[in-house]
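Numbering (my numbering), first residue to last: 1 to 80.
What follows is a single structure, written as structure tokens, with notes after it.
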């Protein structure tokens, strides 16, 4: 009889944590795959590839700007 065969039987703590870790990794990999598939199709044509690269760069700069402003990293007085 395995450790998880009977309903109501306690599952060891670390075995349960390993299940959650595997589940989280599979969700992240699935999300990345579902996001990358349509983007890969857009990269096949030069015009849409340029737009994808520009949009990616713009998104990165926007997030960088937002985090910089939220942390007040650009204010010389707060760095003292």
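Cβ atoms here follow ideal geometry from the backbone N, Cα and C, with glycine treated the same way.
The model shown is predicted, which means the values in this text are computed figures rather than measured ones.
*asked:* Using the three-state DSSP reduction, which class does residue 16 fall into: helix, strand or coil?
replied: Residue 16: helix per DSSP, three-state reduction.
*Considering only the beta carbon of each residue, do residue 68 and residue 74 sit closer than 7 angstroms?*
Against a cut-off of 7 angstroms, the Cβ pair of residue 74 and residue 68 comes out as a contact.
*Which runs of the beta strand (DSSP E), 3 residues or longer, sit entirely within the stretch 34 to 80?*
The stretch 34 to 80 contains no whole beta strand (DSSP E) run of 3 or more residues.
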